[in-house]
Amino acid sequence: MFDLHTHILPQIDDGAASWAEAYQMLEIAAKDGINVLAATPHFLEGWFTPTPAEIKAGVERLNQYAQRQSLPIRVIPGMEVALCPDIPRLFQANRLLTLNDEGQYLLVELPANEVPIYTESLLFELQLMGITPVLAHPERNRVIANNPAWVLDQVKRGVLVQLTADSLLGRFGKNTRQISQELLRAGVVHGLGSDAHSSQHRTPTLKAATAKITELLGQEAGHRLATADNIKSNMALADIEGFFNNTCHAQAFPDEVLSYSPALCRRLLNAGQKWVKQVMGFK
1060 MFDLHTHILP
1070 QIDDGAASWA
1080 EAYQMLEIAA
1090 KDGINVLAAT
1100 PHFLEGWFTP
1110 TPAEIKAGVE
1120 RLNQYAQRQS
1130 LPIRVIPGME
1140 VALCPDIPRL
1150 FQANRLLTLN
1160 DEGQYLLVEL
1170 PANEVPIYTE
1180 SLLFELQLMG
1190 ITPVLAHPER
1200 NRVIANNPAW
1210 VLDQVKRGVL
1220 VQLTADSLLG
1230 RFGKNTRQIS
1240 QELLRAGVVH
1250 GLGSDAHSSQ
1260 HRTPTLKAAT
1270 AKITELLGQE
1280 AGHRLATADN
1290 IKSNMALADI
1300 EGFFNNTCHA
1310 QAFPDEVLSY
1320 SPALCRRLLN
1330 AGQKWVKQVM
1340 GFK
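Offset between the sequence shown (1-based) and the numbering used here: plus 1059.
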């Protein structure tokens, strides 16, 4: 399995409190079956401003620990960037870090209680710069809870979506769990993240969420969305078409989903395959 969103790097944001805890989190992830984990500390001007160099150095230290302990896990760098109008300027100033430092996929966090009026224009501006925005846990946004079709609109425009495992398990409340299930059934979830912050409470685990996906959508969907069994060392991904549910379930967004054309479904599918390959470090 691969975890696209964690706060495992210590003393850099509100995540791991120490290297000892970071190592514990890495061990928990490996035991859970995660073999690739993205370290994505917050970037929020005035609060958390880690540099790409700091993040990559921390990732290297974690990978060295994993090698010493023979843990079957690899850590890749990233950053969870709080939505703000300055993101394009910050990116051009080399202050932001894309997933796996590939220069393309940027994990973007919406505010918890609103979708600012400039959101869609900002996401489009990033796309014009060659950046593909990846929305971090949109299911936890209160505005989206009342209008989940907004997420589908963004996916149609080429934005990608990362769902939090604990959202699907109801740990952020019943409503968030319901929205998570609707997004999954609508086929607009591209990857899972634990959003782990510690070794005790919000831990880096995905196995239970994967089981829930299997329960909702079947074993094939759960496997393809959350596991990396078809990833081999130094080889490209074989088949990740499950990142888009090509059947386009209509339970969550009947009108919008039914308007999907076969050509659009194919384009979305191809985009999902390319994203996974690049984020995971395979060309």
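Don't be surprised by glycine CBs; every beta carbon is placed ideally from N, CA and C.
Any alpha helix (DSSP H) of 4 or more consecutive residues that is wholly inside the stretch 1083 to 1157: 1111 to 1127, 1146 to 1151
Only counting the same chain, and skipping five residues up and downstream in sequence, which positions put a Cβ closer than 6 Å to that of GLY1229? ARG1236
Which value, in whole angstroms, describes the spacing of the CA atoms of VAL1134 and TRP1209? 32 Å
Quick one: using the 10 Å Cβ neighbour count with 16 as the cut-off for buried, is ILE1132 buried or exposed? buried
How many Å lie between ILE1067 and LYS1215 at the Cα? 32 Å
Output the boundary residues of the beta strand (DSSP E) element that contains THR1223. 1219 to 1223
Starting from the C-beta of LEU1227, find all residues in its chain whose C-beta is less than 6 Å away, skip the five residues before and the five after it, and write them out in chain order. SER1239, ALA1268, LYS1271
If you pair each beta-carbon of the stretch 1181 to 1201 with each one of the stretch 1152 to 1169, do three or more pairs fall below 8 Å? yes
Closest to LEU1182 by C-alpha separation, out of VAL1247, VAL1218, ALA1075, would be which residue? VAL1218
ASP1254 versus ARG1148: straight-line alpha-carbon distance, rounded: 26 Å
Beta-carbon separation of ASP1073 and HIS1260 under 8 Å? no
Can you give the Cα-Cα distance for ASN1205 and GLU1173, rounded to whole angstroms? 11 Å
Indicate whether MET1060 and ILE1093 have their beta-carbon atoms separated by less than 8 Å. yes
So which of ALA1125, ASN1200, LEU1187 has the shortest CA-CA distance to LEU1142? ASN1200
GLU1086 versus LEU1130: straight-line alpha-carbon distance, rounded: 7 Å
Using the Cα positions of PRO1069 and GLN1221, report the straight-line distance between them to the nearest angstrom. 23 Å
Less than 8 Å between C-beta atoms, sequence neighbours within five positions excluded: which residues of the same chain meet that for GLN1083? SER1258
Looking only at its own chain, which residues have a Cβ that is under 8 Å from the Cβ of VAL1202, when we skip the five neighbours before and after it? ASN1172, GLU1173, VAL1174, TRP1209
Could you have a look at LEU1296 and say whether DSSP puts it in helix, strand or coil? Residue confidence is low: LEU1296 scores 24 on pLDDT, short of 50, so the model does not pin down where it sits. Its coordinate-derived value is still stated next. Reduced to three states, the DSSP call for LEU1296 is coil.
Mind checking whether LEU1242 and LEU1276 have CB atoms under 8 Å apart? no
Could you spell out where the alpha helix (DSSP H) holding VAL1214 opens and where it closes? 1208 to 1215
To the nearest angstrom, how far is it from the Cα of THR1099 to the Cα of ALA1125? 18 Å
Run through DSSP, which three-state label would MET1060 get? coil
Name the DSSP beta bridge partners of LEU1165, please? PRO1192
Whole-angstrom Cβ separation of LYS1266 and ASP1091, contact assumed at under 8 Å? 5 Å
Tell me the DSSP bridge mates of THR1065? ALA1098, ALA1255
Cutting at 8 Å between CB atoms, please list the residues of its own chain near TYR1177, excluding the five before and the five after it. PRO1144
Reference PRO1197; option with closest CA among VAL1248, GLN1151, ALA1076: VAL1248
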